[in-house]
Each structure stands twice: as C-alpha cells, then as structure tokens.
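Q: Numbering (this note's numbering), first residue to last: 20 to 233.
Structure representation (structure tokens):
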C-alpha cells in the first residue's frame, strides 16, 4: 500500500511539474497559463498528448521537438522530476506522522495539498529567479496569502503568532542587509521571500533556513 501511494504521488508530482513548466514559460511571455493548449516554444505547433508525457516524452524525442526538431530546454524534465521527488518527500514526511488510515482523512489531505502548493510555488520562484533574476510578486503574493490563511486557521486561532513573528523577523533581517548594501547583495524580492519563508516555517525553523541561505 505504501509503495502504491508513493508511485501515484510521484506521477502526480510529474504532472504538476509539467504544469509548472507551462506557468514559468507563460509568465516569461506575459501570457495566461489558464487557457490555451501547450505548444512548442520554438515553432508554436500545438502539442498532442504523446508530446506531453512528463519526462518520458523528452527522453523518447531525444530532447527535441517532434515537429521542428529544435532542442527542448533541459529545464522541462528537471522541473518535472523536482516536483515528483519533492511531492514524494513531503508525502513520506507526513506519512511518518500519520498512519495509513489517517492520511485519507480531510485534515491530512488539506495539509498535504497545502505543502504541495508551497513546493510548486517555490519551484516557480526558484526557476524564474534563476533565469530572470526576478522574484515575481504575482507568484509570491498569492503564496503569502495562502500561507497566512492556513496559519490563521491552524495556528493564529490558538493565539500562537509564532509564524507571523518569524516572518516579520526574517523580513527585518533581510531588509537590513538590503538597506546596508544598497541592494547590491540581494534584491527587495528576497526581503519579501524572507517574510514568506518565516511565515511558512515559523520559529525556530526559520533560523535553520537563514543559516542554510548564507
């Protein structure tokens, strides 16, 4: 049963990773990722289902478009694999906390898909920042809102403002570095990202994240 869960979670992660690639590309081109079919970024030919199988289509086609034969960026299978692996790791982390009956219950599923959303958002932020040196507000702000809402329901209602203080503290620390360096050491997007990570991780986990960041 456990292996079956892992298999399907991995496949689900690959599919989401394929969608994340679409989001990243269309954000770069300032296009909507909510409508329109997938197409080759070179020849713009609409892709069919067998061109869109995560990872396997890339390998089967030799990393080239079926129609124009131009190379497909290695980003596509890497993002798909990253999403698949991250989803499996998240599932296994949660599986250690809950037994196999509890994982099918609604609160667990909410928590699991919340973490999947965070992982997907971080992948988009990382890849886009790597390519364009920009952390997009249109990705980061919805993620902050989702995390805040989640913490509001599961943490703040118990008068535990740990995540909020962790977010503000991390934000203040990065803002100090940003101001001292005049933006040379990091951009203001990193300041906003620090708030997001603090809000998500809480204290003391944010300290470990800051240590690894430097």
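Even glycine gets a Cβ: it sits at the ideal position worked out from N, Cα and C. These figures come from a predicted structure and were not determined experimentally.
1. I'd like to check one pair, residue 231 with residue 166: are the Cβ atoms closer than 8 Å?
2. If you draw a straight line from the C-alpha of residue 97 to the C-alpha of residue 198, how long is it?
3. Which first and last residues belong to the alpha helix (DSSP H) in which residue 67 is found?
4. Can you tell which of 194, 138, 100 and 184 has its C-alpha closest to the C-alpha of residue 72?
5. In angstroms, rounded to a whole number, what distance separates the CA positions of residue 49 and residue 155?
6. What's the C-alpha gap between residue 81 and residue 59?
7. Tell me, to the nearest whole angstrom, how far the beta carbon of residue 195 is from that of residue 213; I am working on the premise that it is less than 8 Å.
8. When DSSP builds the beta bridges, which residues end up paired with residue 90?
9. If I follow the unbroken alpha helix (DSSP H) through residue 172, where does it start and stop?
10. Should residue 62 and residue 95 be called a contact, given that it needs their Cβ atoms to be closer than 8 Å?
A: To lay it out plainly:
1. For the purposes of this step, residue 166 is taken as the residue at position 147 of the chain shown. For the purposes of this step, residue 231 is taken as the residue at position 212 of the chain shown. Result no, Cβ atoms of residue 166 and residue 231 do not sit closer than 8 Å.
2. The sequence position of residue 97 within the chain shown is 78, counting from 1. The sequence position of residue 198 within the chain shown is 179, counting from 1. Residue 97 and residue 198: Cα-Cα distance of roughly 35 Å.
3. Counting from one through the chain shown, the residue named residue 67 turns up at place 48. Looking at the DSSP string, residue 67 is not in any alpha helix (DSSP H), and its letter there is neither H nor E.
4. Within the chain shown, residue 72 is the residue found at index 53, counting from 1. The shortest Cα separation from residue 72 among 194, 138, 100 and 184 belongs to 100.
5. The residue you call residue 49 lines up with position 30 of the chain shown. The residue you call residue 155 lines up with position 136 of the chain shown. Approximately 12 Å between the Cα atoms of the pair.
6. Numbered from its first residue, the chain shown carries residue 81 at position 62. Numbered from its first residue, the chain shown carries residue 59 at position 40. Computed Cα separation, rounded: 15 Å.
7. The sequence position of residue 195 within the chain shown is 176, counting from 1. The sequence position of residue 213 within the chain shown is 194, counting from 1. That belief does not hold up - the Cβ atoms of residue 195 and residue 213 are roughly 11 Å apart, past 8 Å.
8. Within the chain shown, numbered from 1, the residue matching residue 90 stands at position 71. Paired residue(s): 83.
9. For the purposes of this step, residue 172 is identified with residue 153 of the chain shown, where counting begins at 1. Segment 156-173, the alpha helix (DSSP H) holding residue 172.
10. Locating residue 62 in the chain shown gives position 43, counting from the first residue. Locating residue 95 in the chain shown gives position 76, counting from the first residue. Against a cut-off of 8 Å, the Cβ pair of residue 95 and residue 62 comes out as no contact.
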